[in-house]
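Engineer: Shown below is the structure under consideration.
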Amino acid sequence: MSGHNVWTHKGTFLLAAVGSAVGLGNLWRFPYLTGENGGGAFILIYALTIFAVGIPILIAETMLGRTSRQSPIMGMRHLTKTHKTSRAWESIGWLGAASAFLILSFYSVIAGWALHYTWLMLTGSLVGADAATISAGFDALLASPGLMTLYHTLFIAFSALIVGMGIHKGIESGLRIMMPALFVILIVVLIYGVINGDVRAAASFLFTFNIADLSLEGWLQAMGQSFFTLSLGMGAIMAYGAYMSSEASLTRTAIAVAFVDTAVAMVAGLAIFSLVFGAGLETGQGPGLMFVTLPLAFADMPFGALVGGVFFILVLGAAISSSISLIEPVAAFLVERFDMTRPQAVTIMVVAAWAMGLLTVVSFNIWAEGTIFHALFGRSAFEFIELLTNIFMPLGGLMIALFAGWALTQSEVMKELGTNITWFKTWRFLVRFVGPAAVSFVFLRTIPQVEGYVVPTLGALLIVGVFALSQRLRKSA
Numbered sequence: 023m024s025g026h027n028v029w030t031h032k033g034t035f036l037l038a039a040v041g042s043a044v045g046l047g048n049l050w051r052f053p054y055l056t057g058e059n060g061g062g063a064f065i066l067i068y069a070l071t072i073f074a075v076g077i078p079i080l081i082a083e084t085m086l087g088r089t090s091r092q093s094p095i096m097g098m099r100h101l102t103k104t105h106k107t108s109r110a111w112e113s114i115g116w117l118g119a120a121s122a123f124l125i126l127s128f129y130s131v132i133a134g135w136a137l138h139y140t141w142l143m144l145t146g147s148l149v150g151a152d153a154a155t156i157s158a159g160f161d162a163l164l165a166s167p168g169l170m171t172l173y174h175t176l177f178i179a180f181s182a183l184i185v186g187m188g189i190h191k192g193i194e195s196g197l198r199i200m201m202p203a204l205f206v207i208l209i210v211v212l213i214y215g216v217i218n219g220d221v222r223a224a225a226s227f228l229f230t231f232n233i234a235d236l237s238l239e240g241w242l243q244a245m246g247q248s249f250f251t252l253s254l255g256m257g258a259i260m261a262y263g264a265y266m267s268s269e270a271s272l273t274r275t276a277i278a279v280a281f282v283d284t285a286v287a288m289v290a291g292l293a294i295f296s297l298v299f300g301a302g303l304e305t306g307q308g309p310g311l312m313f314v315t316l317p318l319a320f321a322d323m324p325f326g327a328l329v330g331g332v333f334f335i336l337v338l339g340a341a342i343s344s345s346i347s348l349i350e351p352v353a354a355f356l357v358e359r360f361d362m363t364r365p366q367a368v369t370i371m372v373v374a375a376w377a378m379g380l381l382t383v384v385s386f387n388i389w390a391e392g393t394i395f396h397a398l399f400g401r402s403a404f405e406f407i408e409l410l411t412n413i414f415m416p417l418g419g420l421m422i423a424l425f426a427g428w429a430l431t432q433s434e435v436m437k438e439l440g441t442n443i444t445w446f447k448t449w450r451f452l453v454r455f456v457g458p459a460a461v462s463f464v465f466l467r468t469i470p471q472v473e474g475y476v477v478p479t480l481g482a483l484l485i486v487g488v489f490a491l492s493q494r495l496r497k498s499a
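Going by my numbering, the first residue of the sequence shown is number 23, and it counts up by one from there.
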């Protein structure tokens, strides 16, 4: 990658990383998990894990990108050669690219639903609608593969257009307009929720410190959320890090990304649950909260159609900022490896992801049951693809931590961190030992859904493999 491919402004990496991190999960999953798992107690565990695991691995992944100045796949190929380590470590790049590709395929389908609801809200179609009507409307959307394919196509095409325009004109310009606009919209929706909803009930739901409600599963969810929310292990951070200015502080930027990402989730939670409690509705989990409960809350509130439309524009914007970060790692690889133009590379990536996304589309209707995926894995095609990403991402993050912690030299890391020896030693301890242990724990709890003997086998192989790889790296460091 040529030297001129660096963000025009130092702060753009922050915008890009926050854009990648802030997505659909921030707007419903994090607030819901917080409320259901002891409120402030969940947030405390989440914050501790963000500091001990999330931020150190975020620094590590950014560092690998900035050191190599190449796409994740080509960058790891370069780093394994220069550090004389096993070529097996190139799999970090491939795991990231595979995760980005798979996530984009289903993320685009689900984000496409927000297009549907933006239109319904702005046209006033849901004003005064009751719960049965809105729920039936959502079911009708899921039952329509043609409509879902249309929205999936529109969403992924718009994301591709931004990335295809290039690093500066496309991604950078898009983020510099999109991210501030999203923050403004979020504040507007929060103010609306405070005026028309029940902000006290929302604050009590989210922030009451109740350690008794925090089970072991809640601890694991807090740890898992802190890892997944920062977009670690899917190539995006490494790809964006390759364009990061050498003068920008890795540590300060990583802390800022984690802080803004968490703040957005908190504000979104207050806004959303103010509306939900104000309307006397249940705090449903998953798509039901976003696409049934919230439209119902907006339906009976003053100016609800307008503000609801604005809210779903926020959802779309957050989804697009994440999707462009999913396209970039693979597109950058195709440009570097096969000397393609950026539009050609983006087209290949997006058309392939669009085609894969059709599996998710039909998982909600035509292939809802009785498919080969159900027969082999006991789940739909969409659920199987999601499971793969839940394996690839933490595995990639685990390997990133080990490679950065053991293979990179002290002088190399000190130069990149630009900091004192105390923080270097702290970071290296966290990234060598604490991060891998925590990610392995979460990883092994993620895959018990795969039945039978597979879990213990995978667990044993993972532990043995990680130990062997770290020993090999230790010898070469």
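All C-beta atoms, glycine included, are put in the ideal place defined by N, C-alpha and C.
Which whole-angstrom value describes the C-beta separation of Asp283 and Ala43, a residue pair presumed to lie in contact below a C-beta threshold of 8 Å?
Structural biologist: In the sequence shown, the residue the question calls residue 283 occupies position 261. In the sequence shown, the residue the question calls residue 43 occupies position 21. So it is a contact: roughly 4 Å between Cβ atoms.
Engineer: How is Gly47 classed by DSSP in three states: helix, strand or coil?
Structural biologist: As a first step, residue 47 is located in the sequence shown; it is residue number 25 there, counting from the start. Here Gly47 sits in helix by DSSP.
Engineer: How many angstroms separate the CA atom of Thr71 from the CA atom of Val453?
Structural biologist: Locating residue 71 in the sequence shown gives position 49, counting from the first residue. Locating residue 453 in the sequence shown gives position 431, counting from the first residue. Taking the straight line from one Cα to the other gives about 12 Å.
Engineer: Counting beta carbon pairs with one atom in the segment 61-77 and one in the segment 248-261, are three or more of them shorter than 8 Å?
Structural biologist: yes
Engineer: Should Phe325 go down as buried or exposed, given a rule of 16 or more other Cβ atoms within 10 Å for buried?
Structural biologist: The count along the sequence shown starts at 1 and reaches residue 325 at position 303. The residue is exposed, with fewer than 16 neighbouring Cβ atoms inside 10 Å.
Engineer: Using DSSP bridges, identify the partner residues of Glu61.
Structural biologist: On the sequence shown, residue 61 is found 39 positions in, with the first residue counted as 1. In the sequence as presented, Glu is not what sits at residue 61; that position holds Gly. Beta-bridge pairing links Gly61 to Phe231.
Engineer: Would you grab the beta carbon distance between Glu350 and Val185 for me? Rounded to a whole angstrom, and I think it's under 8 Å.
Structural biologist: As a first step, residue 350 must be located in the sequence shown, where it is residue number 328. As a first step, residue 185 must be located in the sequence shown, where it is residue number 163. Contact between Glu350 and Val185 holds: their C-beta atoms lie close to 6 Å from each other, under 8 Å.
Engineer: What residue range is occupied by the uninterrupted alpha helix (DSSP H) comprising Pro416?
Structural biologist: Here the question's residue 416 lines up with position 394 in the sequence shown. Start and end: 403-428.
Engineer: If you reduce the DSSP assignment to three classes, tell me which class Gly246 lands in.
Structural biologist: Counted from its first residue, the sequence shown places residue 246 at position 224. Reduced to three states, the DSSP call for Gly246 is helix.
Engineer: Note down the Cα distance separating Leu80 from Phe313, rounded to an integer number of angstroms.
Structural biologist: Walking along the sequence shown from the start, residue 80 turns up at place 58. Walking along the sequence shown from the start, residue 313 turns up at place 291. Cα to Cα, the separation comes out at about 32 Å.
Engineer: Quick check on Thr431: buried or exposed, where buried means 16 or more other Cβ atoms within 10 Å of its Cβ?
Structural biologist: Here residue 431 refers to the residue found at position 409 of the sequence shown. Exposed.
Engineer: Is the segment 252-259 in contact with the segment 109-124, if contact means three or more CB pairs nearer than 8 Å?
Structural biologist: yes
Engineer: For His105, name the three-state secondary structure that DSSP assigns.
Structural biologist: Position 83 of the sequence shown, counting from 1, holds the residue named residue 105. DSSP places His105 in coil when its eight states are reduced to three.
Engineer: Can you look up Trp29 in the DSSP assignment and give me helix, strand or coil?
Structural biologist: Residue numbering aside, residue 29 sits at position 7 when the sequence shown is read from its first letter. Trp29: coil per DSSP, three-state reduction.
Engineer: So the candidates are Leu212, Ala225, Ala319; which of them puts its Cα closest to the Cα of Leu148?
Structural biologist: What you label residue 148 is simply residue 126 of the sequence shown in a count that begins at 1. Nearest option by C-alpha distance: Ala319.
Engineer: Check Val216 in the structure and name its three-state DSSP category.
Structural biologist: Translated into positions along the sequence shown, residue 216 becomes position 194. Helix, per DSSP.
Engineer: Cβ-heavy atom distance between Leu176 and the ligand SAM below 7 Å?
Structural biologist: By its list of ligands, the structure shown contains no ligand whatsoever, and the ligand SAM lies outside what it can speak to.
Engineer: Does DSSP put Ser121 in a helix, in a strand, or in coil?
Structural biologist: Your numbering for residue 121 matches position 99 in the sequence shown. Three-state DSSP puts Ser121 in a helix.
Engineer: Using 8 Å as the Cβ pair cut-off and three pairs as the minimum, do the segment 42-58 and the segment 344-361 touch?
Structural biologist: In short, these stretches touch, since the Cβ pair count reaches three.
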